[in-house]
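Novice: Got a structure here, written out as structure tokens. Questions coming.
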Amino acid sequence: MHRSHLRLSLCLLCLIAAAFPLGGCLYNTRRLDRQLSNAPLKTASQAELIDYVNGQAHRIQSMQATVDIDASAADIKNNRATDYKEIRGYILARKPAMLRMKGLLPVVRNTAFDMVSNGKDFKLWIPPRNKFVVGTDSDQNYDPEKRMENMRPQYIYDALLLPEIGPDEIAVLENGYETVLDSRRHRVEQPDYELAVIRRGPGVAFVAQDSVRPD
4 MHRSHLRLSL
14 CLLCLIAAAF
24 PLGGCLYNTR
34 RLDRQLSNAP
44 LKTASQAELI
54 DYVNGQAHRI
64 QSMQATVDID
74 ASAADIKNNR
84 ATDYKEIRGY
94 ILARKPAMLR
104 MKGLLPVVRN
114 TAFDMVSNGK
124 DFKLWIPPRN
134 KFVVGTDSDQ
144 NYDPEKRMEN
154 MRPQYIYDAL
164 LLPEIGPDEI
174 AVLENGYETV
184 LDSRRHRVEQ
194 PDYELAVIRR
204 GPGVAFVAQD
214 SVRPD
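In terms of the working numbering, the sequence shown opens at residue 4 and continues consecutively.
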């Protein structure tokens, strides 16, 4: 048994010695190539992009849609999020600042909420809670325990109807990339333009960012 053990040890030692010079062939490290889209894209200057955004904003003056409302409220401090059940809703938006939004309860289709805003003040009716709320879109009071209630109608309106870039606003052009699917359903990166618009409100400045695809 001692000779067999010695013979086995010698065989393993020879095998390791033979494989050691080939260690570089056992694995290969390579740099991952950036998968870029080969779709034909257009180029534009900052002035052309501003004209394009303003043209689209001027063309769309109102909007009416049936939507599925899916909302989540994040609690970053406690590292958790609350998901609200998806409901059917109706939205009517019209410039300069009118918004009407109605949500229906699942299955029974009764009114879950009905909200209207003129850009300054809003009124919200919640029949299931027998509650009626009146407030202002500019209300900056924040209650960390009522994250959904902190959302103002103006946020929804701005997301639906593209505002024009005014002459007193500053537009900064940034080149970036977005992930898209090519003809083979592969995820690739495609260049895009981003206009960061600096707007000044009552005593405060904020940035609104619009993405523009160069196609």
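Note that beta-carbon positions come from the ideal geometry of N, C-alpha and C, so glycine has one too.
Under three-state DSSP, which class holds VAL137?
Specialist: Position 134 of the sequence shown, counting from 1, holds the residue named residue 137. DSSP places VAL137 in strand when its eight states are reduced to three.
Novice: Starting from GLY58, trace the alpha helix (DSSP H) in both directions and tell me its first and last residue.
Specialist: Indexing the sequence shown from 1 puts residue 58 at position 55. Start and end: 49 to 62.
Novice: Taking Cβ positions, are LEU127 and MET118 nearer each other than 8 Å?
Specialist: One-based indexing of the sequence shown puts residue 127 at position 124. One-based indexing of the sequence shown puts residue 118 at position 115. Yes, the Cβ-Cβ distance between LEU127 and MET118 is below 8 Å.
Novice: What residue from SER40, SER48, ASN41, LEU44 has the CA that sits closest to LEU176's CA?
Specialist: For the purposes of this step, residue 176 is taken as the residue at position 173 of the sequence shown. It is SER48 whose Cα lies nearest to the Cα of LEU176.
Novice: Below 8 Å, can you find three or more Cβ-Cβ pairs linking the segment 185 to 199 to the segment 165 to 175?
Specialist: yes
Novice: Where does TYR87 sit, in a helix, a strand or coil, going by DSSP?
Specialist: One-based indexing of the sequence shown puts residue 87 at position 84. Of the three classes helix, strand and coil, the one that applies to TYR87 here is coil, per DSSP.
Novice: Does the segment 152 to 172 come close enough to the segment 86 to 99 that 3 or more CB-CB pairs lie under 8 Å?
Specialist: Three or more pairs of CB atoms, one per stretch, sit closer than 8 Å, so the segment 86 to 99 contacts the segment 152 to 172.
Novice: What is the DSSP secondary structure of ILE201, reduced to helix, strand or coil?
Specialist: Working through the sequence shown from its first residue, we reach residue 201 at position 198. Note: ILE201 maps to strand in three-state DSSP.
Novice: Quick check on the burial criterion: 16 or more other C-beta atoms within 10 angstroms. Buried or exposed for ALA84?
Specialist: The residue labelled residue 84 in the question sits at position 81 within the sequence shown. In the assembly as shown, ALA84 is an exposed residue. Its beta-carbon has fewer than 16 other beta-carbons within 10 Å.
Novice: Buried or exposed: which applies to MET4, given that a residue is buried once 16 or more other Cβ atoms fall within 10 Å of its Cβ?
Specialist: Translated into the one-based positions of the sequence shown, residue 4 becomes position 1. Below a pLDDT of 50, predicted positions are generally treated as unreliable, and MET4, at 48, falls in that range; no measurement from the model is reported.
Novice: Consult DSSP for ARG103 and reduce its assignment to one of helix, strand or coil.
Specialist: If you number the sequence shown from 1, residue 103 lands on position 100. Strand at ARG103.
Novice: Rounded to whole angstroms, what's the CA-CA distance from THR139 to PRO43? Just pull it up for me.
Specialist: Indexing the sequence shown from 1 puts residue 139 at position 136. Indexing the sequence shown from 1 puts residue 43 at position 40. So the two alpha carbons sit approximately 46 Å from each other.
Novice: Short of 7 Å in beta carbon distance, which residues of its chain neighbour ASN121, apart from the five on each side in sequence? Order them along the chain.
Specialist: Your numbering for residue 121 matches position 118 in the sequence shown. Here the set comprises ALA100, MET101.
Novice: On the DSSP bridge assignment, give the partners of ARG97 in chain order.
Specialist: Position 94 of the sequence shown, counted from the start, is the residue given in the question as residue 97. Note: ARG97 sits in a beta bridge opposite SER65, MET101.
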